[in-house]
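>
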Amino acid sequence: MLKNYIKIAWRNIWKNKLFSAINVISLAIGLSASFVIGLMVYYDFSFDTFHEDGDRIYRVVTDFETPQGNYKNGGVTPPMRIAAKEQLTGVEQSAYFYNWWISEAKAEANKQTFKDPERIILTEASYFDIFQYKWIAGSKATALQQPNSVVLTRKRAEAYFPNMPLAAVMGQSLVYDGTISATVSGIVEDFDKRTDLHFNEFISLETAKQTESSDQIFGDDWGNTNNASQLYIKIAQQSTPEQIKTQLATLSEAHVDADMLKYNNKRTFNLQALSDLHFDHEYGAYGYSDYEADKGILISLVFVALFLLLLGSINFINLNTAQAASRAKEIGVRKTMGSSKRQLVLQFLGETFLLTLIAALCSVVFCVLALKAFDSFMAEGIELSLMLTPWFAALVVVLVIVITLLSGFYPGVVLSRFKPARVLKGSVSSSKEKGVLRQVLTVSQFAIAQVFVIATLLVGKQIYYMMHQDLGFNTEAVAYLQTPWDDFSIDKRLVLEQELKRIPEIQNVSLGGMPPASFNMATRMGIFKKDGQELIQELQILNGDTEYLKLYDIELLAGRPALNDTIEEYVINETGMRAFGFKDPEKIVGQYLELNSHQRLIVGVMQDFNQRSLKDKVMPLMLTGDTSRDRRTNFRTLHVKLTGASSGWQNTIAKVEQLYQEVYPGEEFRLSFVDESISKFYKQEQRIATLLNWATGLAVLISCLGLLGLVIHTTSRRTKEIGIRKVLGASILQINALLCTDFLKLVIVAYVIALPIAWWGLHQWLEDYAYKTEMSWWVFALSGLGMMLLAVLIMSFKTLKAAIANPVKALRTE
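With the UniProt record's numbering, the residue at position 553 of the sequence shown is 553, and numbering never jumps.
(1) Express the C-alpha separation of Lys617 and Asp470 in angstroms, rounding to a whole number.
(2) Once DSSP output is grouped into helix, strand and coil, what is the label at Ile102?
(3) Are the stretch 160–172 and the stretch 104–123 touching, with three or more C-beta to C-beta distances below 8 Å?
(4) So Ala645 is in the beta strand (DSSP E); what residue range does that whole segment cover?
(5) Do Gly460 and Phe316 have their CB atoms nearer than 9 Å?
(6) Just curious, the beta strand (DSSP E) that Asn270 is in, first and last residue?
(7) For the beta strand (DSSP E) that Tyr71 lies in, which residues bound it at each end?
(8) What is the rounded straight-line gap between the Cα of Glu497 and the Cα of Thr546?
(9) So, are the CB atoms of Ser313 and Leu197 less than 9 Å apart?
(10) Identify whether Asp63 lies in helix, strand or coil by the three-state DSSP scheme.
(11) Cβ atoms of Leu31 and Phe393: under 9 Å apart, would you say?
(12) Around the C-beta of Tyr552, are 16 or more other C-beta atoms found within 10 angstroms, so that it is buried, or is it exposed?
(13) In three-state DSSP terms, what is Ser139?
(14) For Gln650, does the three-state DSSP call read helix, strand or coil?
(15) Grab me the residues of Ala28's own chain with a C-beta within less than 7 Å of its C-beta, minus the 5 sequence neighbours each way, in chain order.
(16) Below 8 Å on the Cβ atoms is my contact criterion, and I expect Asp675 with Glu499 to pass it. Report the Cβ-Cβ distance as a whole number of Å.
(17) Quick test of the definition: if touching needs 3 or more C-beta pairs under 8 Å, does the stretch 260–270 touch the stretch 59–67?
(18) Give a yes or no on contact between the stretch 236–256 and the stretch 213–221, applying the rule of three or more CB pairs nearer than 8 Å.
(19) If you follow the alpha helix (DSSP H) that Ala159 is in, where does it begin and where does it stop?
(20) To which residues does DSSP link Tyr480 through a beta bridge?
(21) My guess is that Phe269 and Val60 are in contact by the Cβ rule of under 8 Å, so how many angstroms apart are they, rounded?
(22) Have a look at Tyr548 and Leu790 and give me their C-alpha separation to the nearest angstrom.
(23) When you compare only the Cα positions, how much space is there between Lys745 and Ala293?
(24) Using C-beta distances below 7 Å, list every residue in its chain close to Thr627, excluding the 5 sequence neighbours before and after it, in chain order.
(25) So, at 7 Å on beta carbons, what are the nonlocal neighbours of Lys615 in its own chain, with the 5 sequence-adjacent residues on each side left out?
(26) Do Leu458 and Val779 have their CB atoms nearer than 9 Å?
(27) Can you tell me the Cα-Cα spacing of Ile463 and Leu437, whole angstroms?
(28) Return yes when the Cβ of Ser783 is within less than 9 Å of the Cβ of Ile454, no when it is not.
(29) So what does DSSP say about Gly381, is it helix, strand or coil?
(30) For Trp694, is the classification buried or exposed, using 16 other Cβ atoms within 10 angstroms of its Cβ as the cut-off for buried?
(31) Quick one, which of Met775, Gln764 and Leu708 has its alpha-carbon nearest Phe19's?
(32) Determine whether the beta carbon atoms of Leu152 and Glu201 lie at a separation below 9 Å.
(33) Between the C-alpha atoms of Lys140 and Ala167, what's the straight-line distance to the nearest angstrom?
(34) Can you give me the Cβ contacts of Ala689 inside the same chain, cut-off strictly under 7 Å, excluding the 5 residues immediately before and after it?
(35) On the premise that Pro484 lies in contact with Tyr660, defined as a C-beta separation below 8 Å, what is that separation, rounded to the nearest angstrom?
(36) Hey, could you find the ends of the alpha helix (DSSP H) Ile83 is sitting in?
Written out as structure tokens, the structure is:
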């Protein structure tokens, strides 16, 4: 019986090659999109799921409420390290670590130096109690008991001591930044599963007492919150996160910092589940790549996959119910010969299953091609090997079964209802109910596609707006060169500055901190006393010499630039000026502002410029000179304005690099263009745009394939009518209009339905941006006209062919 079902199903598929091809392509597109999106979702949700008792592991984090807004910090204050052990009940284990950034590590055995090694933490033995590692050498109980001890992962040990057996690595010495020595006391296996805790070097916490980070770790200042100070706890089985949060709130209230009260700030300690670490970037993670997982985008992608699958299933239902009349006699004969309704439904489900299986095989090929095409777009770990895992096979099986039932059940039930007597007399015709269903499904299909089209146009418009909006400073032909962070002196930087000024292709050079728009910007609380009142405002701080404003074309509205040396004086921006109650720039120049309990002079006012993405408003900001030069310079970046055509910049950069290596031999040359750095602000938007472009293209393609199939069926069914109309004098255009009108009405209805849905969704999306493009009427009009024009072209491809056919042949059609 099964063999006969398969044989008949294959014959019917082969008999209707065109419709079968449309169904296979539609389903294959939906399935391949689902497979790729499934890989992305699986990859991101699989992070840190392998830890023993992972559901009981939390990171202690800090929330701030200020008059300027709410902020989150993934770090804790130094005293929390001890408080977690001594004052929190219901905590089974606690582990503290400090992210340690160093400029070099030197292996004493081979005298090899490693520049800027990453993934190093200062921690305690309890870290290995919470996070289980496989030990190759040493013991977690003793490895970090002594100061100046270090545990390495296998990969780090092999990198530091190549060609040396791991057993021999034990006891070897490492020197950090030329001053701190540590002995290898343990070696562990690297985590072989996906994790955000990808550290390679674990140095005993006591070692920190020999570093400048000592106060950040062992201090008693409850007001000092540092993102590098990390605290993890493992909650006891009988405890709940809410109970721990209550205790943390009590700790927060018991240790209120005086400055926080002064500035009307509130701090609360909170918990972040380990499972949220990969997605919640507000607290910060330990990312060593540019990829950031976004749970909202992943959920949106799941809906995109479901919509594409739905569109493919709609094609299948529409085309199969449309062909009901052509298969009526087959069904009548089968019923007459004794086939039950159940057997007929199973027959049609079998055909659907076979088509879906073919589509699934095609989609796996499409999936491989898509992964290669999107290689640079996806996270590094999303690769073809994930397709060989059991969960992927399960996903394929589940989707094939679901689509078979979704697409094949209704057509099977409809066709099995035909009455044998009527069918064999040839009196079967499409019912009004089935016609209405096809119309509803077609409208739904085009409404979904229309929403995608509108969203693509508006998201593209917003990205164009952000990339071309005047930020308030010049980004063209401006690059910045970062110098070694471990060199605290200004001397070499001054030498390099003078050498760069001698290059003819460089128009201007400035010493300072980061560019005007940067991911990293320090802040301070400023107090301005006016009319007996204290106005408190958080201010971002930017460092730059007297050429900084000129190089970036930032207009000085009043006063003068701040001096280059250690005298603390400031140039404030317009937003900061208004925050302190001034409207005229000239009026605030010469006033004093309290910073860190010291009165500082405001010497100038500069125009506003955007410091971050256009999602954020312009914040109060002040520019100052090299205020801490006597301890460590703030001028660690050289900014250069290039001249000439961009084609010649490579030669200029080569000259800059040569000079840099003369001043800093062996150091990494890190030069970036400002406009490229700014584009990184919008990586998420560009990612969304890319996804939308593909989703829109696929949605439109599936919808148009379905429309083409229905038009082919309709023109075939009305062949004799077309012939009669031509004989009676109807023109080709009249016949084409007749055949297209009904379908075009459905496209228009779909457009009307899509308009409010798209407007509402995009309006909500744009609310996240402080500066945004307009929801222009032409975006909605263009998308609607474009979709209608495309539909007319697709329909006309078949209807014109039917309209110009010989009417004699049409009249002979049965």
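Where a beta carbon is used, it is the ideal one built from N, C-alpha and C, also for glycine.
These numbers were taken from a predicted model, which means no experiment stands behind them.
Taking the definition as stated:
(1) 14 Å
(2) coil
(3) yes
(4) Taken as a continuous stretch (DSSP letters only), Ala645 belongs to no beta strand (DSSP E), as it is neither H nor E.
(5) No; because the gap between Cβ atoms is not below 9 Å, this pair is not in contact.
(6) In the DSSP assignment, Asn270 falls within the unbroken beta strand (DSSP E) covering Lys266 to Ala273.
(7) Gly69 to Asn73
(8) 13 Å
(9) no
(10) Correct three-state label for Asp63: strand.
(11) According to the sequence displayed, residue 393 carries Ala and not Phe. Between Ala393 and Leu31, the CB-CB gap reaches or exceeds 9 Å.
(12) buried
(13) Secondary structure of Ser139 (DSSP, three-state): coil.
(14) Gln650: helix per DSSP, three-state reduction.
(15) Ala359, Cys362, Ser363 and Phe366
(16) With 8 Å as the limit, Asp675 and Glu499 do not qualify as a contact, their Cβ atoms being about 25 Å apart.
(17) yes
(18) Verdict: no, contact absent.
(19) Arg154 to Tyr160
(20) His639 and Ser672
(21) With a Cβ gap of about 6 Å, Phe269 and Val60 count as contacting.
(22) 53 Å
(23) Going from the Cα of Lys745 to the Cα of Ala293 covers about 42 Å.
(24) The beta carbon of Thr627 sits closer than 7 Å to the beta carbons of Thr566, Glu568 and Asn634 from its chain, once the five residues preceding and following it are set aside; these are given in chain order.
(25) Within the same chain, Lys615 has close Cβ partners Asp768, Tyr769 and Ala770.
(26) yes
(27) Roughly 39 Å between the two C-alpha positions.
(28) For the pair Ile454 and Ser783, the CB atoms are nearer than the 9 Å cut-off.
(29) coil
(30) It counts as buried.
(31) From the listed residues Met775, Gln764 and Leu708, the smallest Cα separation to Phe19 is found for Leu708.
(32) yes
(33) 16 Å
(34) Val459, Gly460 and Ile463
(35) 10 Å between Cβ atoms; not a contact.
(36) Note that residue 83 corresponds to Ala in the displayed sequence, not to Ile. Taken as a continuous stretch (DSSP letters only), the alpha helix (DSSP H) holding Ala83 covers Met80 to Glu86.
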